[in-house]
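Residues 894 to 1229 in my numbering are what the sequence shown spells out, letter by letter.
Here is the structure we will look at, set down as structure tokens.
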Amino acid sequence: MSIATACANIALVKYWGKRDAVLNLPERGSLSLTLDALRTYTSVEKFSGNSDELIIDDQPQSGKALKRVTEFLDLVRAEAKTTERARVISKTTFPLAAGLASSASGFAALAVAAAAEYGLKLSAAELSALARRGSGSAARSIFGGLVRMDAGKKADGSDAVARPLFSREEYLQGVTFDQLAPFGAVIAVADAGAKEVGSTDGMEATKQTSPYHSAWLDQVDRDLAEAERLIRDGTFSELAEIVEGSCLAMHADAMAARPGIIYFKPVTLWAIDRVRELRKNFLHTMFTVDAGPHVVAFTVPEHMQKVAKALSEHPQIKQVITSRAGEGAHLIERMP
Ligand code: DP6
């Protein structure tokens, strides 16, 4: 049996649109922070059954969820030249039903555990490319801290992989992990039911029908370059402008699809407003929103509790999760 853990990540500069839906290649790059509190543990064990088995948080899965995992394991098995089935057991430390980036930690942990169980010796970049086949954002969860995903140019997708934003040389020059990833996040989980349009379908519909999509793609390149520069050399509020801008531009693109896709709920706008108010009052915080109603407020560890308290003051925020930056996906000895 092989066991791995991976943390989910939340993007500061968003991924919204694929250049190849089969290989799951993004149209543009993205930039994210891996988050320690949103964690998945996954074990993979080969066995002599006729089909794979999947258990998530003690619930046996069938249908769509199992099919997605079997298709992913088929990629690993093809590489390992075997047809042997596997039992996959997965546990998350955060509410799955909330639709919080669980595919990112889920497929990153599955990639690492399955590659080990089937005896594949993959580099971190190869693991990232493998995780991407499960979910685009999972490619980023192979790495810890701030992570840059490249869109790549190759048709086979081998260069559509993530990498840590800061190089090994920068780490070796004595820059500590805390200096490189001074961020944490407060995740305000809205009480708003299951999401209506998943990100895979939402981004495809946006690409096909939104008149703003090409403007969005041009903006991503500018935002990536600017965000990278500001993380090294800028102020928190300069970075906030780019991060919030990327989120709002992504949602504007989705809203302009026909029919329009609206992930925001009233509580989402309330939380966005609150984050901006806190920043005016000198707290380091900036918001982002994925393909759902929940608001994630990036912040610094010193301001985390104040931001969390402010965001919990709405009856429709059912849970507030605080998190430091997390580490990359890796193998572990046993299931916790
Ligand atoms: C809004 O990675 O969930 O969270 O590749 O189809 O699995 P698939 O999509 P997914 O999309 C994430 C979209 C996003 C923005 C982001 O994380 O960059």
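The C-beta atom is built at its ideal place from N, Cα and C for all residues, glycine as well.
Pro1057 and Val1040 have their C-alpha atoms spaced approximately 4 Å apart. When distances are taken from the beta-carbon of Ala1083 to the heavy atoms of ligand 1, even the shortest one reaches 7 Å or more. One Cα belongs to Leu1023, the other to Ala1004, and the distance between them is close to 6 Å. In the DSSP assignment, the residues bridged to Gly1077 are Thr1192, Arg1217. It is roughly 6 Å from the alpha-carbon of Phe1000 to the alpha-carbon of Gly1027. Tyr908 has its Cβ nearer than 7 Å to a heavy atom of ligand 1. Under the three-state reduction of DSSP, His1207 is assigned to coil, being neither helix nor strand. According to DSSP, residue pairing for Arg961 in a beta bridge does not occur. Setting aside the 5 residues that flank it on each side, Leu1132 is surrounded in the same chain by Leu1123, each with a C-beta closer than 6 Å to its C-beta; the list follows chain order.
Using a Cβ distance threshold of 8 Å, Thr1093 and Ala1002 do not count as a contacting pair.
Beta-bridge analysis with DSSP links Cys900 to Arg932. If you check the C-beta of Asn917 against ligand 1, you find a heavy atom less than 7 Å away. In the structure shown, the three-state DSSP call for Phe1180 is strand. For the region 1013 to 1068, the continuous alpha helix (DSSP H) assignments of 4+ residues that do not extend past its boundaries occur at 1017 to 1027, 1061 to 1065, in sequence order. In this structure, Ser1092 has its beta carbon less than 7 Å from a heavy atom of ligand 1. When the five nearest sequence neighbours on each side are left out, the beta carbons in the same chain lying within less than 6 Å of the beta carbon of Pro1194 are those of Gly1077, in order along the chain. Residue range 1159 to 1173 is occupied by the alpha helix (DSSP H) that includes Ile1165. The three-state reading of DSSP puts Ala979 in strand, counting E and B together. Taken from the Cβ of Asp1166, every heavy atom of ligand 1 lies 7 Å or farther away. Counting along the chain, Lys911 sits inside the beta strand (DSSP E) bounded by residues 911 to 913.
Just so you know, the alpha carbons of Glu1019 and Leu926 end up roughly 20 Å apart. C-alpha of Ile1080 to C-alpha of Ser1016: approximately 31 Å in a straight line. In the three-state reduction of the DSSP assignment, Val1082 falls in the strand class, which pools E and B. The residue among Gln952, Glu946, Phe987 with its C-alpha nearest the C-alpha of Arg978 is Glu946. If you ignore the 5 residues before and after Lys911, its C-beta comes within less than 8 Å of the C-beta of Asn917, Leu918, Pro919, Glu920, Gly1029, Met1096, Glu1097, Lys1100, all in its own chain and listed in chain order.
Cβ neighbours of Ala1203 within its own chain (closer than 7 Å, five residues either side excluded): Arg1167, Leu1171. Per DSSP, Ile1155 lies in no beta strand (DSSP E) and is assigned neither H nor E. Taking the C-beta atoms as reference points, Thr1181 is found no nearer than 8 Å to Leu931. The beta carbon of Thr1215 sits closer than 6 Å to the beta carbons of Val1079, Met1197, Ala1201 from its chain, once the five residues preceding and following it are set aside; these are given in chain order. With fewer than three CB-CB distances shorter than 8 Å, the region 1132 to 1144 does not count as touching the region 949 to 956. The C-alpha of Phe1157 lies about 23 Å from the C-alpha of Lys1173. Relative to the non-hydrogen atoms of ligand 1, the Cβ of Ser1030 comes within a distance shorter than 7 Å of at least one.
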